[in-house]
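In terms of full-length UniProt numbering, the sequence shown opens at residue 1 and continues consecutively. Even for Gly, the Cβ is constructed at its ideal location relative to N, Cα and C. Since we're looking at a predicted model, the values are computed, not measured.
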Amino acid sequence: MSRTTRLLTLLQVLRGKRCPVTAATLATELKVSERTLYRDIAELSALGAPIQGEAGIGYVLRSGLFLPPLMFTADEIEAIVLGLRYVDQRGDEVLGKAAADALAKVAAVLAPEVRDALRNPTVLPGPPGYGYPQNAVELNVYRQAIRAQAKLHIDYADVNKTPSQRLIWPLALGFFNEARVVVAWCELRGAYRTFRTDRIASATEQGERYPGRRSDLLRAWFKLMELDEAGRFTPDKN
């Protein structure tokens, strides 16, 4: 095991421990001597790793901003690249920029020996789609409401252009090849619904949070989707 790999492995082991672990236990797990283990801990601490503890008591990795070179296999890197490039193609301008920034950050902290998998991946996301219909409301409006659990009043028109006004609890944004949708609880229908964003003429926060936890509501929606394979993502059955 190379020195770089050994240091990264030590960090991964410490991240998985909730309680202090003795040097003897760590040395046995990493198959190195205790002397080497102490030297590695000192080196990581000097680099800024928030390791707390001392010989004879044990060591634990505190939470902090330290991020060493990441340990990814070639397959893991290509999965990350494929996902981020897919986001760049299918996401809006905000997500596209975020994907590019995230890819740059990953590249900056990768170990040198695996960077080629990032530069020359063996998998590609395919050609871009044909584009999305124009939205009257920026997607950031929905993102902000989702994060704040804020109720939204929307003016909506279905596939037949029948207008309606809804008070919804936005839970997530869905990105498809032809359209984007807002997954939400609809107070008018008393049920989960999906609304195509290009058919929403306006969306206004009501200054009111919806009850419960978004994660619980979204989990319930996923369960319904599993039960209704044929009815998944039908934004015009509203």
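Taking the continuous alpha helix (DSSP H) assigned at residue i, which residues delimit it?
| i | result |
| --- | --- |
| V13 | R3 to R15 |
| A42 | E34 to A46 |
| F222 | R214 to L227 |
| L173 | Counting along the chain, L173 falls outside any alpha helix (DSSP H), though it belongs to the beta strand (DSSP E) covering P163 to F175. |
| T22 | Premise fails: T22 is in no alpha helix (DSSP H) and is neither H nor E. |
Give a yes or no on whether the C-beta atoms belonging to residue i and residue j are separated by under 7 angstroms.
| i | j | result |
| --- | --- | --- |
| C186 | R213 | no |
| V123 | E78 | yes |
| Y192 | Q149 | no |
Could you check if residue i is buried or exposed, using at least 16 other CB atoms within 10 Å of its CB as the buried criterion?
| i | result |
| --- | --- |
| L65 | With a pLDDT of only 47 at L65, under the threshold of 50, the placement of this residue in the model should not be trusted; the figure read from the coordinates follows. Exposed, because fewer than 16 other Cβ atoms sit within 10 Å of the Cβ of L65. |
| F195 | buried |
| D216 | exposed |
| L7 | buried |
| V87 | buried |
| R199 | buried |
| D116 | exposed |
| V94 | exposed |
In chain order, what residues of the same chain have a beta carbon less than 7 angstroms from the beta carbon of residue i, not counting five sequence neighbours either side?
| i | result |
| --- | --- |
| G58 | P20, V21 and T22 |
| D92 | L139 |
So residue i is in the beta strand (DSSP E); what residue range does that whole segment cover?
| i | result |
| --- | --- |
| R209 | I200 to R209 |
| T194 | A191 to R196 |
| A184 | R180 to C186 |
Just to confirm my understanding: we take residue i, look at its own chain, exclude 5 residues before and 5 after, and list those with CB closer than 6 angstroms. What are they?
| i | result |
| --- | --- |
| Y208 | For clarity, residue 208 is Glu in the given sequence; the question names Tyr instead. Around E208: K151. |
| A179 | R196 |
| Q52 | V60 and R62 |
Less than 8 angstroms between C-beta atoms, sequence neighbours within five positions excluded: which residues of the same chain meet that for residue i?
| i | result |
| --- | --- |
| Y142 | L152, P170, L173, V182, T197 and A203 |
| K17 | V60 and L61 |
- [ ] Give, in chain order, every unbroken run of the alpha helix (DSSP H) that is at least 4 residues long and sits entirely within the segment 132–159.
- [x] 139–148, all fully within the segment 132–159.
Task: Runs of alpha helix (DSSP H) wholly within the segment 82–134 (minimum 4 residues, chain order) - done: For the segment 82–134, whole alpha helix (DSSP H) runs of length 4 or above, ordered along the chain, are 93–109 and 115–119.
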